[in-house]
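Let me begin by presenting the structure, written as structure tokens, before commenting on it.
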Amino acid sequence: MTAPIETTGSTAEAQPEAVLTGATQSQIEGRSLGRIAWTRFKRDKVAMAGGVVVILLVLIAILSKPIQAMFGLDPNDFHQNLVDPALLAPKGSFGGISWSHPLGVEPQTGRDILARIVEGSWVSLVVAAGSTLLSVVIGVVMGVVAGFYGGWVDSGISRLMDTFLAFPLLLFAISISASLQGNAFGLNGLTLRICVLIFVIGFFNWPYMGRIVRAQTLSLREREFVEAARSLGARGPFILFRELLPNLIAPILVYSTLLIPTNILFEASLSFLGVGIQPPQASWGGMLSTAVDLYQVDPMFMIIPGLAIFITVLAFNLLGDGLRDALDPRGK
-18 MTAPIETTGS TAEAQPEAVL TGATQSQIEG RSLGRIAWTR FKRDKVAMAG
32 GVVVILLVLI AILSKPIQAM FGLDPNDFHQ NLVDPALLAP KGSFGGISWS
82 HPLGVEPQTG RDILARIVEG SWVSLVVAAG STLLSVVIGV VMGVVAGFYG
132 GWVDSGISRL MDTFLAFPLL LFAISISASL QGNAFGLNGL TLRICVLIFV
182 IGFFNWPYMG RIVRAQTLSL REREFVEAAR SLGARGPFIL FRELLPNLIA
232 PILVYSTLLI PTNILFEASL SFLGVGIQPP QASWGGMLST AVDLYQVDPM
282 FMIIPGLAIF ITVLAFNLLG DGLRDALDPR GK
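Residue -18 is where the sequence shown starts when you use the working numbering, and the numbers rise one by one after that.
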């Protein structure tokens, strides 16, 4: 007869462990860095609120023309019947606010302020996003090359950064914008102004991104994964763009988000000084410039574009701070 099989203590103890492992294995999932960052970001309610506002602003800017068509608004339509001919102030209370004009109308002209705010949103975001993208591209390339190669390459690029940082950007932007009249480079009008603003703001602001990327590259180039790539025969360009650059995405993303509101303020400043976006094209800075002469007639006309700039800049800053905290590997 076959002897009965005895179950040893070790086997008996292993069976529940195996069953437990099989039951819980499907529930245990590895979390990527992106998922961890997203979990951290969701916990920050202030940053989430900033992100929601930024998304709404981007949607308004993209859909500015359909929004105007949907509500029958034109930023350049004059409504003289809504303006008091003697005082040049909008008729009614709070700058002429009504169901037809939720934010009121412009003094003297009667143009709808909501339509001009919506129209100005895409101008500000296009200039800010375009100039930020240009700064990021130049700054990342220069910073990663300087940090990785070091030596005379690092020294030369660092001196170039110092030169750009010492450049009087505001005065240069004013002189270039003021000198552009008519056609230039095959462009004219609003397109020319936007392209010039993007180039001037983006080209002369890249050293800020370059310094951040250079510092991060200096800390990464001696890490084990870089040494492993070198030992396998990888050359400089491969290590730069396949090993180092993916590990620089977090600081690049954070600083880009914080750079956009700075560029929005710069564009608004140039338009306020009369050398940025030119009338009759609506821009937030241009509206503030016009409101300075009319604040005694209609204070609301100054408050609304100023509030639009304030909310936009604050939302981007809150979003950038939240991303920085979420992507910080030292965060809890």
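Just so it is clear, CB atoms sit at the ideal spot from N, CA and C, and this is done for glycine as well.
Which first and last residues belong to the alpha helix (DSSP H) in which P232 is found? Taking the first residue of the sequence shown as 1, we reach residue 232 at position 251. That run of the alpha helix (DSSP H) goes 230 to 253.
Run the CB neighbour count on S212, radius 10 Å, all protein chains shown included, and call it buried at 16 or more, exposed below. On the sequence shown, position 231 is the one that residue 212 refers to. When all chains shown are included, S212 counts as exposed.
If you run the structure through DSSP and keep just helix, strand and coil, what is D25? Along the sequence shown, one-based indexing puts residue 25 at 44. The answer is coil: DSSP assigns D25 none of H, G, I, E or B.
Can you check which of these residues, L269, A307, L37, is closest to L106 by C-alpha distance? As a working mapping, residue 106 is identified with position 125 in the sequence shown. Cα-wise, what sits closest to L106 is L37.
Using a threshold of 9 Å, state whether the C-beta atoms of V353 and P88 are closer than that. Look at the range of the chain in this structure, -18 to 313, and you will see that residue 353 is not part of it.
Does the separation of the CB atoms of S201 and L178 fall below 9 Å? By one-based count along the sequence shown, residue 201 stands at place 220. By one-based count along the sequence shown, residue 178 stands at place 197. In the sequence as presented, Ser is not what sits at residue 201; that position holds Leu. No, they are not a contact pair.
Could you check what DSSP says for V64 in three-state terms: helix, strand or coil? Position 83 of the sequence shown holds residue 64. Reduced to three states, the DSSP call for V64 is strand.
CA-to-CA distance, L68 to L304, given in whole angstroms: Locating residue 304 in the sequence shown gives position 323, where the first residue counts as 1. Locating residue 68 in the sequence shown gives position 87, where the first residue counts as 1. Cα to Cα, L304 sits roughly 49 Å from L68.
For the alpha helix (DSSP H) containing N298, list its first residue and its last residue. For the purposes of this step, residue 298 is identified with residue 317 of the sequence shown, where counting begins at 1. 281 to 308 is the extent of the alpha helix (DSSP H) around N298.
If we ignore side chains and look at the alpha-carbon of each, how far apart do R92 and Q49 end up? In the sequence shown, counting from the first residue as 1, residue 92 sits at position 111. In the sequence shown, counting from the first residue as 1, residue 49 sits at position 68. Answer to the nearest angstrom: the Cα atoms are 13 Å apart.
The alpha helix (DSSP H) with F153 in it runs from where to where? In the sequence shown, residue 153 corresponds to position 172, counting from 1. F153 -> alpha helix (DSSP H) spans 150 to 160.
How far does the alpha helix (DSSP H) with S45 in it extend, from its first residue to its last? Position 64 of the sequence shown, counted from the start, is the residue given in the question as residue 45. Where S45 is concerned, the enclosing alpha helix (DSSP H) starts and stops at 45 to 51.
L171: which of P261, R223, S13, V27 sits nearest, CA to CA? Translated into the one-based positions of the sequence shown, residue 171 becomes position 190. Checking every option, the nearest Cα to that of L171 belongs to P261.
So is S264 buried or exposed if we call it buried at 16+ other beta carbons inside 10 Å? Walking along the sequence shown from the start, residue 264 turns up at place 283. S264 is buried by the Cβ-count criterion.
Does the pairing of the segment 94 to 104 with the segment 183 to 198 give three or more beta-carbon distances under 8 Å? Short answer: they don't touch.
How is D135 classed by DSSP in three states: helix, strand or coil? As a first step, residue 135 is located in the sequence shown; it is residue number 154 there, counting from the start. Secondary structure of D135 (DSSP, three-state): helix.
Helix, strand or coil, according to DSSP, for P71 in the structure here? Counted from its first residue, the sequence shown places residue 71 at position 90. Strand at P71.
In whole angstroms, what separates the C-alpha of S81 from that of V194? Sequence index remark: in the sequence shown, residue 81 carries index 100 (1-based). Sequence index remark: in the sequence shown, residue 194 carries index 213 (1-based). Taking the straight line joining both Cα atoms gives about 50 Å.
For V278, which residues in the same chain have their Cβ closer than 7 Å to its Cβ, ignoring the five residues on either side in sequence? Indexing the sequence shown from 1 puts residue 278 at position 297. Correct list, in chain order: L68, L69, A70, P88.
Consult DSSP for D143 and reduce its assignment to one of helix, strand or coil. Translated into the one-based positions of the sequence shown, residue 143 becomes position 162. DSSP places D143 in helix when its eight states are reduced to three.
Spell out a yes or no on whether the segment 217 to 226 and the segment 134 to 154 are touching, meaning 3 or more CB-CB pairs, one atom from each, closer than 8 Å. No, they do not touch.
Can you grab the Cα-Cα spacing for the pair A307 / L226, in whole Å? The count along the sequence shown starts at 1 and reaches residue 307 at position 326. The count along the sequence shown starts at 1 and reaches residue 226 at position 245. Using only the alpha carbons, I get a separation of about 19 Å.
Once DSSP output is grouped into helix, strand and coil, what is the label at V86? Within the sequence shown, the letter at position 105 stands for residue 86. DSSP places V86 in strand when its eight states are reduced to three.
CB contact flag (T238, L300, <9 Å): Counting from one through the sequence shown, the residue named residue 238 turns up at place 257. Counting from one through the sequence shown, the residue named residue 300 turns up at place 319. Going by C-beta atoms, T238 is nearer than 9 Å to L300.
Of all the options G85, S116, K46, which has the alpha carbon lying nearest to the alpha carbon of R192? On the sequence shown, position 211 is the one that residue 192 refers to. The shortest Cα separation from R192 among G85, S116, K46 belongs to S116.
Can you give the beta carbon distance from V104 to I258, rounded, assuming they're within the 8 Å contact cut? As a first step, residue 104 is located in the sequence shown; it is residue number 123 there, counting from the start. As a first step, residue 258 is located in the sequence shown; it is residue number 277 there, counting from the start. Indeed they touch by this definition, with Cβ atoms about 6 Å apart.
Taking the alpha carbon of G267 as the reference point, which residue from L251, M281, Y276 has its own alpha carbon closest? Locating residue 267 in the sequence shown gives position 286, where the first residue counts as 1. The shortest C-alpha separation from G267 is found at L251.
Do you know how far the Cα of E248 is from the Cα of R174? One-based indexing of the sequence shown puts residue 174 at position 193. One-based indexing of the sequence shown puts residue 248 at position 267. Here the alpha carbons of E248 and R174 stand approximately 11 Å from one another.
For S160, does the count of other Cβ atoms within 10 angstroms reach 16, so buried, or fall short, so exposed? Your numbering for residue 160 matches position 179 in the sequence shown. S160 comes out exposed.
Close Cβ partners of V372 (< 7 Å) along its chain, the five nearest in sequence each way excluded: There is simply no residue 372 to check, as the chain begins at -18 and stops at 313 in what is shown.
Can you tell me which of the three DSSP states G(-10) falls into? Here residue -10 corresponds to residue number 9 of the sequence shown, with the count starting at 1. Note that G(-10) scores 46 on pLDDT, short of 50, meaning its location in the model is unreliable; the coordinates nonetheless yield the value given after this. Helix, per DSSP.
In angstroms with no decimal places, state the Cα-to-Cα distance between D309 and V235. Here residue 309 refers to the residue found at position 328 when the sequence shown is read from its first residue. Here residue 235 refers to the residue found at position 254 when the sequence shown is read from its first residue. Each residue's Cα considered, the two are about 10 Å apart.
Among D55, G53, K72, F52, which residue has its Cα nearest to the Cα of Q61? For the purposes of this step, residue 61 is taken as residue 80 along the sequence shown, with counting starting at 1. Of D55, G53, K72, F52, the residue nearest in Cα terms is K72.
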